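Numbering (UniProt numbering), first residue to last: 1 to 268.
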């Protein structure tokens, strides 16, 4: 009859290292189904928000912080907040442009055709003609319509000035021409006023923020970029210092080993 195996023989073999030797450390099991943590890129909105929270916590907790460091942190905080607002504005602006691109494009084409037609008619008629004043008024409306399609605020829902024709409408008359005497939306008056003031006023109207948030200035963005680049350079500098230090340590170890080896060689 065979002898029974002892309890020690029944134990599981210890985990092996990469070198093949046994290790007393427990093996780590891979977690299945878990998503890897994504690191936020430096300069992205998430990275800026994280940095803002870090600065705010430090300013709230550290009462004994040096005055020059506090001023620098406050400046960095303002710059990053301005950059976050500017990035949010640009993102929303891009989305709204894509949403209303087609309707603005078609209405701009209609307004351009109408302006050309009315200009030709005004040039063809004499100044003494009774219809000239009426044509000039219609030309002014068409020119404001054209500016409306170009400079309507990007961040606001676009309101059409040339709605679709009804069932009783004349199919031979173009939509833009038929809508010359129609009621215009409230924004039309603002565009008319801006058109009289000049291109600067039109661009300001087009890029205005309805939420009232201030768009980041060029100086704020430049300072934010400088803070980001300076932090990058500091990281590179510390990494290079560590690398140099490790090289010096290795050289010292090699020298000490060489010295000890030479002493042992001459010993009798």
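Glycine included, each C-beta is placed from N, C-alpha and C at the ideal position.
Predicted, not measured: the structure shown is a model, and the values here were computed from it.
DSSP state of residue i, grouped into three classes?
{"i": "residue 64", "result": "coil"}
{"i": "residue 199", "result": "helix"}
{"i": "residue 125", "result": "coil"}
{"i": "residue 104", "result": "helix"}
{"i": "residue 161", "result": "coil"}
{"i": "residue 184", "result": "coil"}
{"i": "residue 131", "result": "helix"}
{"i": "residue 217", "result": "Legend: pLDDT at residue 217 = 44, less than 50; position of this residue unreliable, value from coordinates given subsequently. Reduced to three states, the DSSP call for residue 217 is coil."}
{"i": "residue 204", "result": "helix"}
{"i": "residue 91", "result": "helix"}
{"i": "residue 156", "result": "coil"}
{"i": "residue 46", "result": "helix"}
{"i": "residue 137", "result": "helix"}
{"i": "residue 211", "result": "coil"}
{"i": "residue 41", "result": "coil"}
{"i": "residue 178", "result": "helix"}
{"i": "residue 144", "result": "helix"}
So, are the CB atoms of residue i and residue j less than 8 Å apart?
{"i": "residue 149", "j": "residue 108", "result": "yes"}
{"i": "residue 147", "j": "residue 114", "result": "no"}
{"i": "residue 93", "j": "residue 154", "result": "yes"}
{"i": "residue 187", "j": "residue 152", "result": "yes"}
{"i": "residue 145", "j": "residue 161", "result": "yes"}
{"i": "residue 273", "j": "residue 205", "result": "No answer is possible for residue 273: the residues shown for the chain start at 1 and end at 268."}
{"i": "residue 73", "j": "residue 58", "result": "yes"}
{"i": "residue 87", "j": "residue 45", "result": "yes"}
{"i": "residue 139", "j": "residue 119", "result": "yes"}
{"i": "residue 156", "j": "residue 210", "result": "yes"}
Please classify residue i as buried or exposed, where buried requires at least 16 other C-beta atoms within 10 Å of its C-beta.
{"i": "residue 200", "result": "exposed"}
{"i": "residue 110", "result": "buried"}
{"i": "residue 15", "result": "A caution first: residue 15 carries a pLDDT of 49, below 50, which makes its placement in the model too unreliable to give a value."}
{"i": "residue 76", "result": "buried"}
{"i": "residue 61", "result": "exposed"}
{"i": "residue 80", "result": "buried"}
{"i": "residue 176", "result": "buried"}
{"i": "residue 66", "result": "exposed"}
{"i": "residue 179", "result": "buried"}
{"i": "residue 194", "result": "buried"}
{"i": "residue 220", "result": "With a pLDDT of 48 at residue 220, under the threshold of 50, the modelled position of this residue cannot be trusted; read the value that follows with caution. Its Cβ being crowded by 16 or more others within 10 Å, residue 220 is buried."}
{"i": "residue 51", "result": "buried"}
What I want to know is whether the C-beta of residue i ends up closer than 7 Å to one or more non-hydrogen atoms of the ligand NAP.
{"i": "residue 52", "result": "Of the ligands one can find in the structure shown there are none, so the ligand NAP has no counterpart to examine."}
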